[in-house]
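Enquirer:
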Amino acid sequence: MIETSPAGGFKILAREDFSDVTYSLVVHHPLMARAAQPGQFVIVMSHETGERIPLTIADFNRKKGTVTLVVQAVGKSTKEMQQTCKPGTSLYGLVGPMGVPSPLTGKKKVVCVGGGLGVAPIYPQARGFKENGAYVIGVLGFRNKNLVFWAEKFREVCDELILCTDDGSAGMKGFVSDGIKVAIQGHKDIDEVVAIGPPIMMKACAETTRPFGIKTIVSLNPIMVDGTGMCGGCRVKIGNEVKFACVDGPDFDGHKVDFADLMTRLKRYAEEEKAALDRWSDNCRMMMQAPVLPKDGEEAVAMPDPFEETLGG
Amino acid sequence: MAKAAKKKTIRSIPQQRTPVKELEPKVRVKNFEEVNCGYSLSEAMNEAERCLLCPEPGCIAGCPVNINIPKFIEAIAAKDLRGAYDVITASNLLASVCGRVCPQETQCEGVCVVGETLEPVAIGRLERFVGDNAIREKWSNIPYIESTGFKIGIVGSGPAGMACAADMAKAGCEVTVFEAFHQAGGVLKYGIPDFRLPNSVVDAEIENLRKLGVKFECNTLVGRLFTIEQMRNELGFDAVFIGTGAGYPSMLGIPGDSLNGVLSANELLTRCNLMRAKEFPNYDTPIPLGKRVAVIGAGNTAMDATRVSVRLGAEKVYCTYRRSRAECPARVEEVHHAEQEGVEFHWLTAPVEVLDDGKGNVRAMRCIRMELGEPDDSGRRRPVPVKGSEFEFECDQIVFAIGTNANPIIGQTSHLKLNKRGYIATDDNLATSMAGVYAGGDIVTGAATVIEAMGAGRKAARNMKAYLKIRDSSDDAVGKSAGTFFGIDLREQNFARIRAA
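If you read the protein sequences in the order shown, they are chains C and R. Just remember that the working numbering sits 193 ahead of the position in the first sequence, which is counted from 1. Just remember that the working numbering sits 677 ahead of the position in the second sequence, which is counted from 1.
1) With a threshold of 8 Å (Cβ to nearest heavy atom), would Gly311 of chain C be considered close to the ligand ATP?
2) Taking Cβ positions, are Leu1025 of chain R and Arg1043 of chain R nearer each other than 9 Å?
3) Pull out every residue of the segment 931-946 of chain R whose Cβ sits closer than 7 Å to any Cβ of chain C, in chain order.
4) Is the Cβ of Ala1159 of chain R closer than 9 Å to any Cβ of chain C?
5) Taking Cβ positions, are Ser768 of chain R and Val798 of chain R nearer each other than 9 Å?
6) Using DSSP bridges, identify the partner residues of Pro1060 of chain R.
7) Below 9 Å between beta carbons: does that hold for Ile1181 of chain R and Thr921 of chain R?
8) Measure the alpha-carbon distance for Phe203 of chain C versus Ala229 of chain C and round it to whole angstroms.
9) Once DSSP output is grouped into helix, strand and coil, what is the label at Ile829 of chain R?
10) Nearest by alpha-carbon distance to Met274 of chain C: which of C:Leu248, C:Gly258 and C:Lys257 is it?
11) Under 9 Å between the Cβ atoms of Gly1080 of chain R and Gly1088 of chain R?
12) Closer than 9 Å by beta-carbon distance: list the chain R residues that pair up with Ala469 of chain C, in chain order.
13) Who does Arg336 of chain C pair with in a DSSP beta bridge?
14) Let me know the secondary structure DSSP gives Ser217 of chain C once reduced to three states.
15) If I follow the unbroken beta strand (DSSP E) through Glu894 of chain R, where does it start and stop?
16) Any C-beta of chain R within less than 9 Å: which residues of the segment 384-399 of chain C qualify?
17) Express the C-alpha separation of Ile373 of chain C and Tyr328 of chain C in angstroms, rounding to a whole number.
18) Quick one: list the residues of chain C neighbouring Glu884 of chain R, beta-carbon separation under 9 Å, in chain order.
19) How would you write the range of the beta strand (DSSP E) that Gln676 of chain R sits in, first residue to last?
20) Between the segment 215-233 of chain C and chain R, which residues of the former have a C-beta closer than 7 Å to a C-beta of the latter?
21) Taking three-plus beta-carbon pairs below 8 Å as touching, is the segment 728-744 of chain R in contact with the segment 850-858 of chain R?
22) Can you tell me the Cα-Cα spacing of Ser362 of chain C and Lys338 of chain C, whole angstroms?
23) For the structure I just gave you, are there three or more beta carbon pairs, one from the segment 974-985 of chain R and one from the segment 1063-1079 of chain R, closer than 8 Å?
24) What's the call for Ser717 of chain R, buried or exposed, on a 16-neighbour Cβ count within 10 Å?
25) Can a CB atom of chain R be found closer than 9 Å to the CB of Asp498 of chain C?
26) Report the neighbours of Arg458 of chain C on chain R: residues whose CB is nearer than 9 Å to its CB, in chain order.
27) Tell me which residue opens and which closes the beta strand (DSSP E) that Gln1074 of chain R is part of.
28) Output needed in chain order: residues of the segment 1080-1107 of chain R with a Cβ under 8 Å from some Cβ in chain C.
29) Identify, in the order they occur along the chain, each residue of the same chain with its Cβ nearer than 7 Å to the Cβ of Asp1152 of chain R, setting aside the five sequence neighbours on each side.
30) Does any residue of chain C have a CB that is nearer than 9 Å to the CB of His859 of chain R?
31) Going by Cα to Cα distance, which pick from C:Asp213, C:Pro290 and C:Thr457 is closest to Pro223 of chain C?
32) List the residues of chain R whose Cβ lies closer than 8 Å to the Cβ of Val293 of chain C, in chain order.
33) Note down, in chain order, each residue of its chain lying with its Cβ closer than 7 Å to the Cβ of Gly1132 of chain R, except the 5 sequence neighbours on either side.
34) Please confirm whether Ala1173 of chain R has its beta-carbon closer than 9 Å to some beta-carbon of chain C.
35) Which same chain residues end up closer than 7 Å to Gly1156 of chain R when comparing Cβ atoms and leaving out the 5 residues on each side of it in sequence?
36) Check whether the Cβ of Leu287 of chain C lies closer than 9 Å to any Cβ atom in chain R.
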């Protein structure tokens, strides 16, 4: 009998920490591993009273029946998950794969751009393009050398890899948009650029390619509730149209996306998020645990932006 | 059942409709407890006396699932509550739900003969009384079920899916219901607020389905996790029913409608009801709290949105509707309750633009007055803008409840034929373009009511049974058959053999 919602939740098999704020979870879900396509996402509820948070599928292994999620601890839920989600524990809810898969065929030369946490979800796309015979140029951006992850994994599926760091401590010094410029200078025949990262990064990528008329796809991650097209919370402006990122996307033409609108809407619950985080941190302190406390003046606390780490990256 | 001692007449029955206890408006606006407290036994028996037990009752035909209404009311009058429950559950498994949310005034109560002279019999309240009593007494009607070995997959755990699941389980099929959310119940859980339909009631009804052997698989987005085609070809489902609802809220399509503070009623209600944001921060999901909330639309969803906003602590809640009160599609009781709770109605008013505060939030709404013109396609008089009547009013939150469009997921992921509006195309038997796949409820008709969805679920089940060649002996199938042959139902597959014997 088909069982998609096991009684004890969805088992976490492995976890890897990339930095003090980013971590990956490998979750057992054979059906989802079989169905998942690059570009899709899931919605996770870590416990019964939790909220539903959308996370892009960073990888999947059909043989092992696992999906990999990469999480950045920015708000109450993701910081709490950082403490509680360990191999052997389970996620209360996990639904997906959601969204329209990214088309990977028919391209000869593509640039796959990932900034910060966006590096994870761009990986299956790069691999997918490679499997379909495309020449893949990877452009990865991080703040510094210590935050770099998965570079080796990318080398296996990319024909060229351009690593960028804000401070030049690894690869070239500069943002991913600078990396895209290098790629464009080296190749006149790029069919498509796919960029995943914080909104401001995707916007910079779209502006970089616009003068060259290169088709640029971005993956949007607005605030969602159900992820099935029912609430409209994730609506985004694409040209003159209103689209729902959850069922019409999450991939859209970067040259048409209204990024200013997206960034404003991402701040919708900034106050509530901050209140929830403060309250949770206080509780942790009282329970003599060591919560991941925000540093003074760190904006990331108030922002429900999952890709905060590489702002501008 | 005892026959009524003497024939009742319109003069001999209690003249006044038995009032039902309700929470005081000033108390209930501060909580999410149920407003309508329901009948006590004596109140229910008193109201049951008002039924004339018509020999040709209109109410049965007025009910989308054809409950034998006079028969269950007669049982209540005779204090035979178990009997009343048995009569209702023969047609409707969700008495507690339907008694609360059906638009009775346009269905059974709308055609009640008593209603021609006095107020109609309070059929909905009586049905709820019977259903609630059964939950309290932990009754359930689990018939002896002989397995047919058929596997049925149901997509969506809302009212259509539940009704179809119940009938197929009773017919001996192994039924699995798939739900995308983490909890079963569909719109009954995420949409209808606790003060109108407590989640505990929905859970009790779902538990009854589980007792019938129905399995619920939550966290399952059919179409994306596996497709309808895969259900039929790989996963071994002999038949599939799609009851995914309409989903996809219609947008306002006016300037400023993406500002923070503008949200769909679906989003407000889902956050509040299913995700329990009203208990934030004990539950993690936040909810937008508006001081001055404008709700656009006047259907039941709009009424729910206004009343949820009141309870979340809004200082002022407005409801604007482009037509007049007479065309308002909400249940009369909901509008009445909203008014009692201080919601201010602005009829013949349509939004033109949402104005921002310079920081991406709502500051005010610009509206225009409307007047009624010639009748439109729906037969209602078309609202026409009155020139020069635009005005602004301050608000910090706008909730739109102006209808929904077809959810695209099943269409995107299957080859099922859709109609031109994107809903699933079916024939009169609710069969889709794919053999063995049926669809019903809002995903076929567009937004409608809970009971209509249940009716569709049951109709699909009947046809599914015919498709699978399962003998259909349910009450209504027999009752509705074209004819009988010496008392033998002609629709029974084996009637020829019986006749030969």
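C-beta atoms are modelled at their ideal positions from N, C-alpha and C, and glycine is treated no differently.
Expert: The answer reads as follows:
1) The ligand content of the structure shown is nil, which means the ligand ATP is not present either.
2) No; because the gap between Cβ atoms is not below 9 Å, this pair is not in contact.
3) Those would be Ser935, Asn937, Leu940, Ser941, Asn943 and Glu944, in chain order.
4) Any reading at Ala1159 of chain R needs caution, since the residue's pLDDT is 41, under 50, leaving its predicted position unreliable; the model's value is listed next. Chain C, which has no Cβ nearer than 9 Å to the Cβ of Ala1159 of chain R, makes this no.
5) Going by C-beta atoms, Ser768 of chain R is not nearer than 9 Å to Val798 of chain R.
6) Beta-bridge pairing by DSSP links Pro1060 of chain R to R:Leu1049.
7) What the structure shows of chain R is the stretch from 678 to 1178, and residue 1181 of chain R is not part of that stretch, so it cannot be assessed.
8) Between the alpha carbons of Phe203 of chain C and Ala229 of chain C lies a gap of roughly 16 Å.
9) Looking at Ile829 of chain R - three-state DSSP - the assignment turns out to be strand.
10) Here the closest residue by C-alpha is C:Leu248.
11) Contact: no.
12) By Cβ distance, chain R contributes Phe957, Pro958, Asp961 and Pro963.
13) According to DSSP, which records beta bridges pairwise, Arg336 of chain C is partnered with nothing at all.
14) Ser217 of chain C falls in the strand class under three-state DSSP.
15) Unbroken beta strand (DSSP E) run through Glu894 of chain R: Lys892 to Glu894.
16) From the segment 384-399 of chain C, no residue has a Cβ closer than 9 Å to chain R.
17) Approximately 15 Å between the Cα atoms of the pair.
18) Within chain C, no C-beta atom comes less than 9 Å from the C-beta of Glu884 of chain R; the nearest is roughly 16 Å away.
19) Since the first residue of chain R shown is 678 and the last is 1178, residue 676 of chain R is not available in this structure.
20) Flagged, chain order: Leu224, Met225 and Ala228.
21) Counting Cβ pairs under 8 Å, fewer than three are found: no touch.
22) The straight-line gap from Cα to Cα measures roughly 5 Å.
23) At 8 Å Cβ cutoff, the stretches touch.
24) Burial is judged here by how many other beta carbons sit within 10 angstroms of a residue's own beta carbon; Ser717 of chain R has fewer than 16 and is exposed.
25) Low per-residue confidence applies at Asp498 of chain C: pLDDT is 43, beneath 50, and the placement is therefore not dependable, though the value from the model is reported in the following sentence. By this cut-off, Asp498 of chain C is not an interface position.
26) Those within 9 Å of Arg458 of chain C in chain R are Ser935, Leu936, Asn937 and Gly1037.
27) It spans Gln1074 to Phe1077 - the beta strand (DSSP E) in which Gln1074 of chain R sits, taken as one unbroken run.
28) For the segment 1080-1107 of chain R, which is checked against every Cβ of chain C, the residues closer than 8 Å are Asn1084, Pro1085, Ile1086 and Gln1089.
29) Below a pLDDT of 50, predicted positions are generally treated as unreliable, and Asp1152 of chain R, at 47, falls in that range; no measurement from the model is reported.
30) Judged by the 9 Å Cβ criterion, His859 of chain R is in contact with chain C.
31) Comparing Cα positions, the closest option is C:Pro290.
32) In chain order: Gln1089.
33) Cβ within range, chain order: Pro741 and Val742.
34) Note that Ala1173 of chain R has pLDDT 37, beneath the 50 cutoff, so the model's placement of it is unreliable and no number is given.
35) Unreliable positioning characterises Gly1156 of chain R in this predicted model, as indicated by a pLDDT of 40, which lies under 50. The coordinate reading is nonetheless provided below. For Gly1156 of chain R, where only same-chain residues beyond five positions count, there are no Cβ hits under 7 Å.
36) Closer than 9 Å to some Cβ of chain R, the Cβ of Leu287 of chain C qualifies, so yes.
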